[in-house]
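Note that the sequence shown covers residues 1 to 253 in full-length UniProt numbering. Virtual Cβ for every residue (Gly too), placed ideally from N, Cα, C.
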Amino acid sequence: MLSPLYASIIFLGLAALTSALPTNITTTPKTLSAASFSCSSPVSGLSASDCSYMSQIGMAGQGQNARSNNGHIWVGTDGPNTFTFYNKASPAVGVVLILWDNPANDYQSSFMNVRTPKVSWSIPAAGSVTVSLANGVSGGWSALYDHKTVLSQYGQVWNTWGEFTTGGSATVDISREIHMAGNTMDAKVSTGCTANMNTCAFVCKSADSCGTSGSYSLVGCTGKNAASGTYNGNPSGGCQGWSNGGHIDASFY
Numbered sequence: 001m002l003s004p005l006y007a008s009i010i011f012l013g014l015a016a017l018t019s020a021l022p023t024n025i026t027t028t029p030k031t032l033s034a035a036s037f038s039c040s041s042p043v044s045g046l047s048a049s050d051c052s053y054m055s056q057i058g059m060a061g062q063g064q065n066a067r068s069n070n071g072h073i074w075v076g077t078d079g080p081n082t083f084t085f086y087n088k089a090s091p092a093v094g095v096v097l098i099l100w101d102n103p104a105n106d107y108q109s110s111f112m113n114v115r116t117p118k119v120s121w122s123i124p125a126a127g128s129v130t131v132s133l134a135n136g137v138s139g140g141w142s143a144l145y146d147h148k149t150v151l152s153q154y155g156q157v158w159n160t161w162g163e164f165t166t167g168g169s170a171t172v173d174i175s176r177e178i179h180m181a182g183n184t185m186d187a188k189v190s191t192g193c194t195a196n197m198n199t200c201a202f203v204c205k206s207a208d209s210c211g212t213s214g215s216y217s218l219v220g221c222t223g224k225n226a227a228s229g230t231y232n233g234n235p236s237g238g239c240q241g242w243s244n245g246g247h248i249d250a251s252f253y
């Protein structure tokens, strides 16, 4: 697929890029805002301590964590597309799944300092959670590890991402564009294609963070149900073979 990060950057414009995207980021980024929401009543699935951490790092709010079919994104196993997220982190630590959508023309959808996630779910060590998605939904996910992962200075989760589109052109990939040194992740499609840190993955050509046109590549996206191409001169693609319904096993390591 077209990198959602690149789509966001296109909207920023050339003038904004000068200040918004340096060629290299070598220090831990600071968040854009201070704690701004209450955790007196955490949503179902999110622990109070994880909620407080999200607030402390400048996230806009808790996830919606819908528990029944809302026709879009919800926690459960009854949707046409299901993603099961496994916490396989080693050493064993808790992680918080952060999952967002990318509605049409919302170029800030992945910026968690100004948008609330659709799902923010506490996954204990060796735990898992399954999320359902309707067809025709695009978005991404990442994880906060052990109260250490932060937001980038621009407000996105400073870690490895997964990205998805469901429906007729269903595709999933791994993106390392935000932080090349992020935690290891993978996404295994039930039809046989796996996206991980080296296959069907968007990577920076040089630097730890990237996203501008020409600054990233799609690597290792060959084989069964893998697809790659170009869009406006930039790479696009990922794992396919699950049009209009399928299952993904996505793991955090």
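TODO: May I ask which residues mark the beginning and end of the alpha helix (DSSP H) holding Y53?
DONE: By one-based count along the sequence shown, residue 53 stands at place 53. Per DSSP, the unbroken alpha helix (DSSP H) holding Y53 starts and ends at 48-56.
- [ ] Could you tell me the distance, in whole angstroms, from the CA atom of M54 to the CA atom of T222?
- [x] Along the sequence shown, read from residue 1 onward, the residue named residue 54 stands at position 54. Along the sequence shown, read from residue 1 onward, the residue named residue 222 stands at position 222. Distance between the alpha carbons of M54 and T222: 37 Å.
Task: Which of helix, strand or coil DSSP assigns to A195 - done: Reading the sequence shown from its first residue, position 195 is the one you call residue 195. Note: A195 maps to strand in three-state DSSP.
Task: beta strand (DSSP E) runs contained entirely in the stretch 79-115, provided each spans 3 or more residues - done: At a cut-off of 3 residues, the continuous stretches assigned as beta strand (DSSP E) that sit fully inside the stretch 79-115 are 81-87, 95-101.
- [ ] Could you check if N198 is buried or exposed, using at least 16 other CB atoms within 10 Å of its CB as the buried criterion?
- [x] Translated into the one-based positions of the sequence shown, residue 198 becomes position 198. It counts as exposed.
TODO: Given a cut-off of 8 Å, decide if N81 and G241 are closer than it, judged by their beta-carbon atoms.
DONE: For the purposes of this step, residue 241 is taken as residue 241 along the sequence shown, with counting starting at 1. For the purposes of this step, residue 81 is taken as residue 81 along the sequence shown, with counting starting at 1. Result no, Cβ atoms of G241 and N81 do not sit closer than 8 Å.
TODO: Could you check if Y231 is buried or exposed, using at least 16 other CB atoms within 10 Å of its CB as the buried criterion?
DONE: The residue given as residue 231 occupies position 231 in the sequence shown. Burial is judged here by how many other beta carbons sit within 10 angstroms of a residue's own beta carbon; Y231 has fewer than 16 and is exposed.
- [ ] Taking only the alpha-carbon atoms, compute the straight-line gap between K224 and H247 and give it to the nearest angstrom.
- [x] Position 224 of the sequence shown, counting from 1, holds the residue named residue 224. Position 247 of the sequence shown, counting from 1, holds the residue named residue 247. Whole-angstrom Cα-Cα distance: 16 Å.
TODO: Kindly list the residues whose CB is nearer than 7 Å to the CB of V95, restricted to its own chain and excluding five residues on each side of it in sequence; keep chain order.
DONE: For this step, residue 95 is matched to residue 95 along the sequence shown. Closer than 7 Å at the Cβ level, and outside the excluded window around V95, lie N87, A89, I123, A143, L144, Y145, F252.
TODO: Could you tell me if A104 is buried or exposed, where buried requires 16 or more neighbouring beta carbons within 10 angstroms of its beta carbon?
DONE: Looking up residue 104 in the sequence shown gives position 104. It counts as exposed.
- [ ] Could you name the residues that DSSP lists as bridge partners for N234?
- [x] One-based indexing of the sequence shown puts residue 234 at position 234. BP columns for N234 point to Y231.
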